[in-house]
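In terms of the numbering used here, the sequence shown has 69 at position 37, counting the first letter as 1, and numbering is strictly consecutive. Only one structure is covered here, and it is reproduced in the block below.
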Amino acid sequence: MASVEEVKRRHELRLLGTTGVVGVGIGTKDGRECIRVYVAEDNPRVRAALPTTIEDVAVEVVVSGRFHAR
């Protein structure tokens, strides 16, 4: 099985191309590593467009708002 880092790297550009997605990272969900997809707002259409798993790695959607550089 591929590492979470490898799975994220392979799918990051596609995930970032989803309208409303502002970032992709790695986190922990239920004690296991997961891919975190950060979204600007809690939108059912955006959630429906995102997978719940990728290559047996869980995907967690996190409503973060937009990121701003300082």
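Even for Gly, the Cβ is constructed at its ideal location relative to N, Cα and C.
- In the three-state reduction of the DSSP assignment, Arg102 falls in the coil class, being assigned neither a helical nor a strand state.
- Within the region 62-87, the complete alpha helix (DSSP H) segments of 4 residues or longer fall at 76-81, listed in chain order.
- Taken atom to atom, the span from the alpha-carbon of Glu87 to that of Val95 is near 23 Å.
- Sequence-distant partners of Lys40 (beyond 5 residues in either direction) whose C-beta falls short of 7 Å from its own C-beta, in its chain, are Val56, Ile58, Ile67.
- Around the C-beta of Leu48, fewer than 16 other C-beta atoms lie within 10 Å, and the residue is accordingly described as exposed.
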